[in-house]
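Data first, discussion second: the structure below is written as structure tokens.
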Amino acid sequence: MNHNTYPAHAILTLKTKMKKKLPQAMVVLMILLSLAVPTHSIAQESQKTDKATAWTLSDGSQFVPKSCFPEFSWETTPMYYHFGDIDRVLKPEEVKFISERTGFICIEKSHGFKMLGDAVLGAKHEADAFHEMKPDTKVLYYFNSLIAWPFTQFNKEFTPAGIAKNPDLKEFLIRNSRTGELQFMENRNGADVAYSFNALNPEFRTWWIDSVMKGLEISDCDGVFIDRMNVAGRPGDAKEKVKGEMMAALRERLGPDKILLGNNAADNEEVFSSCDAFMFEHAKPEKITKENILKEWGDLLRVAKAGKISVYRFGVKGGSRPAAGVEETPTEKMARWSREQFEFYQACYLIGAQPYSYFQFNWGWNLSDGNLVDYPGILKRLGPPKDAYKRVTPDGWEFTREFEHASIWVDTDKRTAKITWR
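Residues are numbered in the numbering used here as their position in the sequence shown, beginning at 1, plus a constant of 397.
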């Protein structure tokens, strides 16, 4: 009999029953043994994340997560990982490394393509591996709403050779308005040619939604990451509206048990209600200005007040030179730069973080682009925030925030920060 699996009231009831049947000395012995049960066992049961329990936001309002959401904790910096390797799947030690740092993951567009011939199977391989390592992990499957990356069984014919065999596929793709030829990008992310989807075609939208759903079924993932939600159109125009209709239809097909994450969609009113989560990718320089970071701290609160998840992602920028006499490979250089910059970007995240806000940090979407770098600040004890962030002076760019085990200071103008751990 394992008392660790019994609540306190059950142990008390068991003792009462024993008193009726056992000699007094035996009862005393049993009580002493029960008192020796580690107290953390019952405490741990009560501390497990109960998704029905509300979390308090920085403005005092409450956040009640959906049952399909990942587990959230302030114990350490809440992390999200997003990666792919076109050549192979993860090694067991890599699954372990990532699992120790997060329970919220996305498998990127071409993962395992050259090994398995299909990125859907790459996603399935990793979903199975992460679920076996840590069953509560939420793994997302990647699909693009604009670019026809030819790495899945659904998109594999969107190549020059595939279209030559089946010209009807052109109806699903955008043509150049001047030449009438198919619009495409060359030599991107392992694809010789990548075409653009025509979301204005209703038959395409039906096919696209069916493809997402089939990909989820095959991969056994917990949701889907939809890229290019910031469509190239003005608010209210046809492209925006059909993208909203497409996401609403996908949301209905997904049901309540799958997560829908929209990249760069937090400001897209057409799709906001359909999404469970949003990534702030910061792909352009104007996205990491001090003014925009301040705006986005408000966005993190706005998203959380809507009961939705945020992923606050930063990419490494150019850094310092190595010490004299030190030779570095490009990967070693980027790893060093990323470690030099990590504290600033971690502080930018922590200043505005809300429950179910996650931090992501790398320098690209390949597995080797920082996703296996050990940033010690990730695993340091954090604890819940004690309050909202404070602006040191009304018009200044210094901000502070207190957590249970850390004090955060950042100057977004001078781009420097200090996290004091305790």
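Yeah, the Cβ is synthetic: ideal placement off N, Cα and C, and Gly gets one too.
Identity of the residues DSSP links to residue i by a beta bridge
i	result
Asp808	Glu795, Thr813
Phe480	Ile504
Asn660	Met676
Thr453	Gln459
Asn759	Gly712
Tyr592	Phe581
Val621	Tyr538, Leu657
Arg788	Phe796
Pro782	Phe800
Trp818	Ala803
Supposed close pair residue i, residue j - CB separation, criterion 8 Å
i	j	result
Val359	Leu647	Missing from the structure shown is residue 359; the chain here goes from 398 to 819 and no further.
Asp664	Lys705	Not a contact, Cβ separation roughly 13 Å.
Lys783	Glu801	7 Å
Thr813	Lys687	12 Å between Cβ atoms; not a contact.
Asn763	Asp482	6 Å
Arg710	Met731	At roughly 16 Å, the Cβ-Cβ gap does not stay under 8 Å, so Arg710 and Met731 are not in contact.
Glu667	Lys638	6 Å
Gly774	Phe739	6 Å
Ser765	Thr728	6 Å
Ile606	Met643	7 Å
Lys392	Arg798	The structure shown does not extend to residue 392, since the chain spans only 398 to 819, so no value can be given for it.
Tyr539	Glu583	About 21 Å; that fails the 8 Å criterion.
Beta-carbon proximity check, residue i vs residue j, cutoff 8 Å
i	j	result
Leu535	Ile623	The sequence given here places Lys at residue 535; Leu does not occur at that position. In this structure, Ile623 does not lie closer than 8 Å to Lys535 by Cβ.
Leu769	Phe527	no
Ile748	Trp694	yes
Leu537	Leu658	yes
Phe548	Phe510	yes
Ile713	Gly767	Per the sequence presented here, residue 713 reads as Val, with Ile not at that position. Closer than 8 Å, so yes.
Lys507	Trp546	The identity of residue 507 in the sequence shown is Ser, whereas the question assumes Lys. The answer is yes: Cβ separation under 8 Å.
Leu570	Gly559	no
Pro475	Ser754	yes
Arg650	Asn541	no
Thr453	Tyr478	no
Leu877	Ala635	No answer is possible for residue 877: it lies beyond the span of the chain, which begins at 398 and ends at 819.
Phe551	Gly612	yes
Val807	Cys745	yes
Asn660	Glu678	yes
Val486	Glu529	no
Any non-hydrogen atom of the ligand SAM within 7 Å of residue i CB
i	result
Glu490	In terms of ligand content, the structure shown is empty, and the ligand SAM therefore cannot be addressed.
Cutoff 8 Å: residue i Cβ touching any chain B Cβ
i	result
Leu658	Looking for chain B here will not work: only one protein chain is present.
Sufficient close CB pairs (3 or more, under 8 Å) joining the stretch 589-598 to the stretch 607-619: Judged by Cβ distances under 8 Å, the stretch 589-598 makes no contact with the stretch 607-619, as fewer than three pairs qualify.
Segment contact flag, the stretch 766-778 with the stretch 786-794, C-beta cutoff 8 Å, min 3 pairs: no
The stretch 599-607 touching the stretch 509-525, judged by at least three CB pairs closer than 8 Å: no
Given 8 Å, three or more beta-carbon pairs between the stretch 695-705 and the stretch 469-484: No: fewer than three Cβ pairs fall under 8 Å.
Stretch-stretch touch, CB-based, cutoff 8 Å, three pairs: the stretch 753-761 with the stretch 731-744: yes
Three CB pairs or more closer than 8 Å across the stretch 491-505 and the stretch 451-459: no
Entirely enclosed beta strand (DSSP E) segments - the stretch 517-590, minimum 3 residues: 535-541, 581-585
Beta strand (DSSP E) segments (min. 3 residues) lying fully within the stretch 696-756: 706-712
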